[in-house]
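Remarks on the structure that follows.
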Amino acid sequence: LLSEVLMLGILVGLAGAAFAADLKDISVRDFWMLRAPISLHLGWIICASAVNTNVLAIFYLATPGTMLSVAIASLAAVASLASVYALAPKKADCFPGFVAAWALLAVYSELQSATNLLDPSKFNPYSWDPVVIQGFGSATVALSTACLAVAVVAVVRRLVSACRSPGSAEVKESSVP
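Following the numbering used here, the numbering of the sequence shown begins with 14 at its first residue and continues without gaps.
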């Protein structure tokens, strides 16, 4: 439980840092030195928080139905947060979407053999039906594609915003993803 609290604390802290970093226009150099790493780390923490939530369910010996529910809710949370960062703020953020797309594709890849998932010697084992594994895998591919799409939309939004902004001798942060 402590790991979940700490992970969510990091997530909230990074979300706050990302918000604060967007309050001012910064140079392209400053964007890549400050804002981009925060966004990239934010994307990783979103995904890691979802993984940690699932590990916590397993640790507390959740029933198969509960484990499946937590896994589905985790997918929804990751995709939703990637979409929010790409579409909601004035300064669109593509990094959480790109990270989520990669992470969801990694889940799909892991499910292709499902060796670790179906290992009877693991903690709190359950023999998942192949239909559940296949369906979950297909959902991760669909959500990965959606996250990639919203990340690309975020890049386009940033570029369009840069083209519409008043001319400036110095290239500002709004012209980068």
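Each residue gets a CB set at the ideal place from its N, CA and C atoms; glycine is no exception. Computed from a predicted model, the values in this text were never measured in an experiment.
Item: Sequence-distant residues of its chain with Cβ nearer than 7 Å to Leu156 (five each side left out); Value: Leu88, Ala92, Leu117
Item: Buried or exposed (CB count within 10 angstroms, at least 16 for buried), Ala182; Value: Legend: pLDDT at Ala182 = 43, less than 50; position of this residue unreliable, no value from coordinates given.
Item: Closest by C-alpha distance to Leu69, when choosing among Ala167, Ser134, Ala84, Val41; Value: Ala84
Item: C-beta atoms of Ala167 and Asp106 nearer than 9 Å; Value: yes
Item: Residue environment, Thr153, which counts as buried when at least 16 other CB atoms sit within 10 Å; Value: buried
Item: Trp57 to Ala164 span [Cα, whole Å]; Value: 14 Å
Item: Ala145 and Leu81 closer than 9 Å at C-beta; Value: With the sequence shown as reference, residue 145 is identified as Val, and Ala is not the correct amino acid for it. Contact: yes.
Item: Best match in Leu47, Ser122, Ala127, Leu15 for proximity to Pro143 [C-alpha to C-alpha]; Value: Ala127
Item: Alpha-carbon spacing of Val41 relative to Asp35, whole angstroms; Value: 13 Å
Item: Helix, strand or coil at Ser181 [DSSP, three-state]; Value: Caution is warranted here: a pLDDT of 48 is assigned to Ser181, below 50, making its placement in the model unreliable, and the coordinate value is therefore given only provisionally. Coil.
Item: Separation of Ile39 from Asn65, as counted between CA atoms; Value: 34 Å
Item: C-alpha distance - Asp132 paired with Ser140, whole-angstrom precision; Value: 8 Å
Item: CB-CB length for Ile59 against Ala99, believed under 8 Å; Value: Ile59 to Ala99, Cβ: 12 Å. No contact.
Item: Residue of Ala86, Phe72, Val120 minimising C-alpha distance to Phe136; Value: Phe72
Item: Alpha-carbon spacing of Ser178 relative to Lys104, whole angstroms; Value: 12 Å
Item: Given Gly110 as reference, the closest of Gly78, Ala63, Ala162 once Cα atoms are compared; Value: Ala162
Item: Cutoff 7 Å; reference Ala63; Cβ partners in own chain excluding five residues on either side; Value: Ser87, Ala90, Val91
Item: Where Ser134 falls, given that 16 or more other Cβ within 10 Å makes a residue buried; Value: exposed
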